Structure formats: C-alpha cells, structure tokens
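I have placed the structure first, in the form of structure tokens, so that the comments after it can refer back to it.
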Amino acid sequence: MFIRLLTPPCPSPICFAAGEGNCLIQTHFALHLFMLFLTLLKESVFFAINALVTNKLRTFLSLLGITIGIFSIIIVFTVIDSLERNIHKTVASLGDNVIFVEKWPWNFDPEQPWWTYLQRPVVDYTELEEVLRKSDGAESGAFAIRGNRTVQYKSSSIENVNILCVSHNFDRVKTFDVADGRYFTEIESAAGRPVAIIGDALAEALFPGFSPVGQTIKIGGAKAVVVGVLKKEGESILGGTMDTQVMVPVNYARSLVDIRNDDVDPRIYVRAKPGVTNDDLIDELQGIMRSIRKLKPLEEDNFALNQTSLLSTQFDSLFGIVGTVGWVIGGLSILVGGFGIANIMFVSVKERTNLIGIQKSLGAKNYFILFQFLSESVFLSLIGGLFGLLLIYILIALFGSSIPLEVTMTKSNVILGLTISILVGVISGFVPAYGASQLDPVEAIRAT
Amino acid sequence: MEAIKKRPALLSFICILGYIWIVFSFPGVFSPSVKKLGDWYPALFGLLVAASFISFIGVWHMKRWGVELYVLTFFTKQIVFYLLDDMSFMGIFFSVVFISCFVPFYRRMDPNL
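Taken in order, these protein sequences are the chains called X and L. Residue 0 is where the first sequence starts when you use numbering that gives the first Met the number 0, and the numbers rise one by one after that. Residue 0 is where the second sequence starts when you use numbering that gives the first Met the number 0, and the numbers rise one by one after that.
The following block contains the structure:
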C-alpha cells in the first residue's frame, strides 16, 4: 500500500497485459521497481541527449572540465602503474632474495664523506668462495664483472657491447632463459673456455636470419664460440637489459681484463635459502665480510650490502610524488568540471521549469523529478569521463608502441575513472535536482 | 509549515562545516593512498562522501531524511573503517557531536522528501 501510494502506475508490460492498470505489488514488486527505474532512466537519458544536441557548444565546454580531470588523473595513474609493473618485473628478474656485495652502496649515507667510499677495496672472486664456505643462509652465490668491448662477427661489428663476465652459478642467482642453445657447463666456466651466450637483440643484429649457436665471434679481438642465445627480455626502466649483452665465463675474461679493477664493477651475488629473510642474510654476510677483511670492532664496513628493495623503495617515493602531482592537477580540473555540470543542470532546471510544473500537476512525485535530473547530471558527467578515458586509449594506441615501456590502461583505472565521473555527477547535480523536485507545480507552470 | 522550514543557526553552522569537510574529503576518493587499499575502495569511499554531502543538503533543508541518511552513513563508515583497521576517533567524535546536534531538532524537521 505504501509503495502503491508513492509510485505512479506500473509500466510493467505484465501488469498491463493483465489489464489491471496498476501493479499487483505482492507479485510484481521487484519487476515494478525495476521497470520504474528503467522508465526514469530512459527519460533522463533522453533529456540529457536532448540537452547535448540542442546546446552542443555549451555542453561541450561544460564537459571539458570533467574530460580533462579524468584524463589527467587516469593518465598519471596509468603511467605510474605501468612504470611500477616494469620496475617490479626488473627487480624480480634481479632477484628479490639476492644480496649484492659491492664496493658502492645503492643508497649513500649523506653523513659519510665520499672519499671513504672511494678508498674501499673492490670485492674479489676469492671472497665469494669464502662467503659461500662460511654462510649458513646462502643458497648459492656468483661473482660478476662487466665492461664494454667491440663484438665482431665476420665483417659485422658492434661497438660498446656490454660484456658480462660471470662465475658458473650465475644462472642460480639471476633469472633469465636461454632461448637457443645452452648455458655454460661447469668445465667451461672453471677452465675459462672461450664460450659466450649472447642477447636476443645482438643475435638479430649480428646473425640476421640464422642461428648464432656454434658461430665464432670476436670480443675485443679475442675469439669465443656462441653456445646460447638469451630469450628476449624487452626494455627495462632500470637499464641494463640482457638483450644487448654478451655473457662469458669470468675465468675466460681474466685474459681480457683485470677483474680487480674498479672500472669493471665487480660484485658478488648471494641468494638466500628458502625461509631465510634478506635481513638475516645481510646480518650474516656483514659478519662474514668483516672477518674476511679483518676489520676491527669499531672500524666501519668497507663494503656495501645492497638489495633490490632499495631500488623499489626509491622508485616508490618518486611515484608517490608524481601521483600526488597528477592527483592535484586532476582534482582541480574535476572541481572545475563539477561546477560546469552544476551550472548546466541549474540552466536545465530553469529552462524546463514549466515542464516540471506540468509533470508535477499530472502526478509526478518529488523523487521522480529528483531522479530525473540527477540521472541526467550523472549521464552528462559519465560522457565527460568516457571522453577522457577514450582520449587516453587513443593516445596509448597511437604512441604506445613508440615508447620503450609497455603502457596499458588497467581495469582498476577504468573503474576509478567511471566512479569519479558518476560521483561528480551525483554531487554536482544533486542541488539543482533537489531544487527542481521541491518546485511548487502552480508556480512552476506560471514561470516564464 | 514555516516553523518546520526555519533552520536553527547551529544546524546552519554544522552544515557549513560539513560542506567544507566534503570539499576536503572528495579529492581523497582518487588519491593514490586510497587507490592502494583496493580497486573497490575509491568507489565505496566516494559513495560515503556523496551520501554525507546529500545528508547535509537534507539537514540544510530541514528534512528528516537528511539526519537519517547521515546516521546510516556514519555507521556504514565505521564498519568499513573497522574492517580496514583504519578507525579515526577524531572522526567518530565529530560525527557523534553532529548527530547529537541534529537529534533535538529532528521532531521539528519535515518528514517528506
């Protein structure tokens, strides 16, 4: 009875088919409300489209604020999400349970003078053996150095190729796949045989159209047989993609470079055993390294223990700042857009005051008028938001392939964009819609 | 009817405070920190902000549904914050003060939409 009083005759085809004119609330309650909702929605969308078509420029200018606001916020979140995904992928490939023993820290202590870092000795291959012998928490470890050399195959040559010289267990501390061929055998690593594994991009450049496995290349003038090709990794935001690298056994590299030189950036990789935390492993490695280097109790460490979380933490704070800037810019645009929607709705109410009066005099309830204008405002705002999202989609489609980063608009960002649009529509449209619903029918019809 | 529509100064003051609070809260809907809590949280938080805004408009127009919506929003908010372990005692305090101010005028308010 209560619902019957509040609602207009049921538009449900079932009720009309039954020839009752009014809804049998007990049997068709849910359907009645649903049909009523659809009718209201249809009318509101019709009015909104009408407003859009008849006042194209006014509507366009009003929706521009929402479009720019949604565009600014979602593009910033899309780029940040893509960067974060890329960083996490890179960090995961470096190993999130790997500790890097090096001369230089990834996070400098601002209170420590720079020359104390400079005076530190570089890490040594013999230290790796010592670390692995003494450590309980280490599962495996590897030693690596790097340098740039010209790589040549017959008449083709590429300058400044990054040469990564590694000890045998490198494949156990760093994640990578060999797409063609194989990894070094233990004998090849120990004896320093002239063998090499090359990156995918390098293989394509030096060996177009045929497999490099079994071919002989020259690395800085020294011969090496290609035994494997790495699987394509893609660009990394941190740099140092393996696609353009050549990997050789460190014992082979001894004949090419001085592996104790600071320029070759020597480092020890230590992977933690399952169940051993990075902090525990760092504590243990600190003690071991101090004993290897015979440091006195009050002496400062002359080595750095780095972990990949240091990189992600630094990037997280950077992304936080970029996200906040995008949030502020987008927020201001949305605020302006919200006022635009409110303005267009006030004008819409003013223009249709007579119509509201007629609707009310014919029995339309307050909530019917309220819902009608509110859904019109939400619809308009949603169109603005959709334009913003469409603009991002077009930008990604046009320029996505030309930037060295996989940018994708995630489902959560699309949902966020649509949510903001709907909320702006509700908040900015409620006051005009409520004002319309409270109009006196007689006064409204008289209004000019 | 006139007696119903006349809004006490205290309620006007609270509504203005509420509108200011909404202006500062709304950008939080799409802030990076809220987004990190989950895909659904900005939508839920936004819904609560919008409901609070509408409830203040209701109170501004001396409508009972405004107070009822505010109380409903308050309890929903506390449940959500409790589930997220993000209870703010300052927020509860202000909401309770607001509700305490609304209650004495509730009978004078218009029961219709």
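Backbone N, C-alpha and C define an ideal beta-carbon position, used for all residues, glycine too. In this text, all values refer to a predicted model and were calculated from it rather than measured experimentally.
Query	Result
Grab the span of the beta strand (DSSP E) containing Phe-99/X for me, first residue to last.	97-101
In chain order, what residues of the stretch 32-51 of chain L put their CB closer than 7 Å to some CB of chain X?	Lys-34, Asp-38, Pro-41, Ala-42, Gly-45 and Ala-49
Ala-189/X and Val-226/X look like a contact to me (Cβ under 8 Å); what is the Cβ gap, rounded to whole Å?	Not a contact, Cβ separation roughly 15 Å.
Quick one: list the residues of chain X neighbouring Ser-11/L, beta-carbon separation under 7 Å, in chain order.	Within 7 Å Cβ-Cβ: nothing; Ser-11/L doesn't reach chain X, min ~16 Å.
For Met-344/X, is the classification buried or exposed, using 16 other Cβ atoms within 10 angstroms of its Cβ as the cut-off for buried?	buried
Would you check if the distance between the CB atom of Thr-357/X and the CB atom of Ile-444/X is smaller than 8 Å?	According to the sequence provided, residue 357/X is Ile. The question's Thr does not apply to it. Result yes, Cβ atoms of Ile-357/X and Ile-444/X sit closer than 8 Å.
At a Cβ threshold of 8 Å, is Leu-4/X touching chain L?	At Leu-4/X the pLDDT is 40, less than 50, meaning the model places this residue with poor confidence and gives no usable figure here.
If you measure between the beta carbons of Phe-70/X and Leu-390/X, is that distance less than 8 Å?	yes
Between Ser-53/L and chain X, is any beta-carbon pair separated by less than 8 Å?	The question names Ser, yet the displayed sequence has Ile at residue 53/L. Answer yes: the Cβ-Cβ gap between Ile-53/L and chain X drops below 8 Å somewhere.
From Trp-114/X to Asn-85/X, what does the alpha carbon distance come to, in whole angstroms?	34 Å
Please work out which residues of its chain come closer than 8 Å, Cβ to Cβ, to Thr-58/X, disregarding the five sequence neighbours upstream and downstream, and give them in chain order.	Ala-50, Leu-51, Ile-343 and Leu-379
On the three-state DSSP scale, how would you describe Arg-63/L?	helix
Counting contacts by CB-CB distance shorter than 8 Å, is Leu-381/X in contact with chain L?	no
Pull up the DSSP beta-bridge partners for Ser-155/X, would you.	Tyr-152/X
With a Cβ-Cβ cutoff of 8 Å, do Phe-52/L and Ile-21/L count as a contact?	yes
What's the call for Met-61/L, buried or exposed, on a 16-neighbour Cβ count within 10 Å?	buried
Within 10 angstroms of the Cβ of Leu-438/X, are there 16 or more other Cβ atoms? Answer buried if so, exposed if not.	buried
In whole angstroms, what is the alpha-carbon distance linking Val-212/X and Ala-271/X?	33 Å
Taking the alpha-carbon of Val-430/X as reference, which of Leu-373/X, Gly-387/X and Leu-280/X has the nearest alpha-carbon?	Leu-373/X
So that I know if they touch, is there some Cβ in chain L lying closer than 8 Å to that of Thr-407/X?	no
In three-state terms, what does DSSP make of Glu-350/X?	helix
Within a Cβ cutoff of 6 Å, which residues of the same chain sit near Phe-280/X, ignoring the five residues on either side of it in sequence?	The question names Phe, yet the displayed sequence has Leu at residue 280/X. Excluding positions up to five away in sequence, the list reads Ile-98, Gly-136 and Ala-271.
Can the beta-carbon of Val-70/L be found less than 8 Å from the beta-carbon of Phe-44/L?	no
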